[in-house]
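Undergrad: Here's a structure for you.
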Amino acid sequence: MKEHSELYDAVRQLPQMYRIVIHLYYYEGYSVKEISRILHIKESTIQTRLMRSREKLKTILKEDGYGPEAV
């Protein structure tokens, strides 16, 4: 359960524009197309933000001492 808490804390550290798409995609289960409609942003932008969010999360988790197996 600790891993979930650490991941949630890492997500909270993301800038808002990344945190929102991560939340909608992973926590709420919306598709890229649905998020695009909700936020009135192009699907390609949503995909880019998800990719950058994942990269930032990896960096945050590594800085917090979690190896590749945690990511």
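In case it helps, the numbering used here puts the sequence shown at residues 293 to 363.
Using N, Cα and C, we set each Cβ at its ideal position, and we do this for glycine too.
Name the residue from Leu331, Tyr358, Glu335 whose alpha carbon lies nearest to the alpha carbon of Gln308.
TA: Leu331
Undergrad: What three-state label does DSSP hand Glu320 in the structure shown?
TA: coil
Undergrad: Can you tell me whether Tyr310 is buried or exposed, with buried defined as 16 or more other CB within 10 angstroms of its CB?
TA: So Tyr310 counts as buried.
Undergrad: Starting from Ile312, trace the alpha helix (DSSP H) both ways and give me its first and last residue.
TA: 308 to 314
Undergrad: Using a Cβ-Cβ cutoff of less than 6 Å, which residues in the same chain neighbour Tyr301 once the five nearest sequence positions on both sides are dropped?
TA: It is worth fixing the name first, because residue 301 is Asp in this sequence and not Tyr. No residues qualify anywhere along the chain.
Undergrad: Under three-state DSSP, which class holds Tyr358?
TA: coil
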